[in-house]
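Q: Starting off with a structure, shown below.
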Amino acid sequence: MTLEKRIQACKHLTPAETEIGYYILTHAQDVIHMSLQDLCNALYFSKSAIHRFCKKIGCTGFNDVKVQLSQDLSNNKLTQHDIDVNYPFTKSDAPMDIAEKLAKLYETSVRDTMACLEPSILQDVASVLFHAKKIDIYTHAHNMHVAKNFQDQMITIGKEVNCPVSFYEQRLYALASDKSHVALILSYSGKASFILPILKKLDEKQVPVILISRIGCNSYPQYVKYHLALSDTEKLQDRISQYASHIALQYIMDILFGCIYNLDRERSHNYVWQAMDFMDDRLD
């Protein structure tokens, strides 16, 4: 995860810490050459205040921040996107122009979402899903297509996934859950109206919850055990379609399936091949 994403994901920064983060990101080229005392002089903050900020965003100290910042700069991860993810093509674009711009948009969305991933969290989430007796996905609207695709992938390796569609069904599944289940909540904004009542019931049932939403949008940390973050470049309303958020969510779900498959690759592979003859409905 880039330093910028780390700061965005940290929801409990004080005003002073927010100022420290803003200064570091907007003066990145200077900061990587600064000592801790130099930064203190520039910001008029104490060393302890800066150290607390570093710890809060998951770094061991200011030197760790500088190393991360230097890596981000060298990878050009702090540069502005060269495509508008909300309006990726214009009225005058020819069909092949649209095709090229959407290809670039998909590449950008995948790259940004990959930058949001924390390896340890990804590994933990994959393990939790792998060992779950049942996986219940709570989502709605266009995200249901991604959920159904994941359900199809998982059943091909013998893993049961439920995708209740209506809010009524979601409540029934939440009521029937227990701690052998794992819940996946898919919501780009993280604020869909169905989420909170479902979270409260899942908490009562001791069901571990994994939220997949855009970075910095875990509104209910008291109920969410794991948060996998998506790129946050797409606006919630002012856009042509959900191009960026859809491809980012699909990418995350494909990663999870790949990780689960690999946790017992031999069994997964054998299951697929043993089922192939029965499932192949093509005529000879």
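Once you know that position 278 of the sequence shown is 278 in UniProt numbering, the rest is easy, because the numbers rise by one and skip nothing. For each residue, glycine too, the CB sits at the ideal point set by N, CA and C.
Taking only runs that begin and end inside the segment 14-77, name each unbroken alpha helix (DSSP H) of 4 or more residues, in chain order.
A: Correct list: 15-26, 28-31, 36-43, 47-56 and 62-74.
Q: Can you name the start and end residues of the beta strand (DSSP E) that L186 belongs to?
A: First-last of the beta strand (DSSP E) with L186: H181 to L186.
Q: Over what stretch of residues does the alpha helix (DSSP H) that includes D254 continue unbroken?
A: Note, D254: alpha helix (DSSP H), Y243 to L263.
Q: Look at the alpha carbon of A103 and the alpha carbon of K55, and state the distance between them as a whole number of angstroms.
A: Taking the straight line from one Cα to the other gives about 38 Å.
Q: May I ask you to verify whether the segment 115-126 touches the segment 137-144, counting CB pairs closer than 8 Å and requiring at least 3?
A: Result no; under three Cβ-Cβ pairs closer than 8 Å.
Q: What whole-angstrom Cβ distance do P235 and V207 have, given they're in contact under 8 Å?
A: Residue 235 is actually Lys in this sequence, not Pro. K235 to V207, Cβ: 32 Å. No contact.
Q: Using a Cβ-Cβ cut-off of 8 Å (strictly less than) and excluding sequence neighbours within five positions of K11, which residues of its own chain qualify?
A: So the qualifying residues of the chain are G216, N218 and P221.
Q: For the structure I just gave you, are there three or more beta carbon pairs, one from the segment 249-262 and one from the segment 154-163, closer than 8 Å?
A: Flag = yes, the segment 249-262 and the segment 154-163 touch.
Q: Can you give me the C-alpha to C-alpha distance between K191 and L199, rounded to a whole angstrom?
A: Rounded to whole angstroms, K191 to L199 spans 12 Å at the Cα level.
Q: Is it the case that the segment 181-191 contacts the segment 131-142, given that we only count it when at least three CB pairs across the two stretches are under 8 Å?
A: Enough Cβ pairs lie closer than 8 Å, so yes.
Q: Of all the beta strand (DSSP E) runs that stay within the bounds of the segment 167-216, which reach a length of 3 or more residues?
A: Fully enclosed beta strand (DSSP E) runs of 3 or longer: 181-186 and 209-214.
Q: Please list the terminal residues of the continuous alpha helix (DSSP H) segment that includes D136.
A: Segment K134 to Y138 is the beta strand (DSSP E) holding D136; no alpha helix (DSSP H) there.
Q: Out of E4, A9, L36 and D38, which one is the CA nearest neighbour of Y22?
A: The shortest C-alpha separation from Y22 is found at E4.
Q: Please classify V272: does DSSP put it in a helix, a strand, or coil?
A: V272 falls in the helix class under three-state DSSP.
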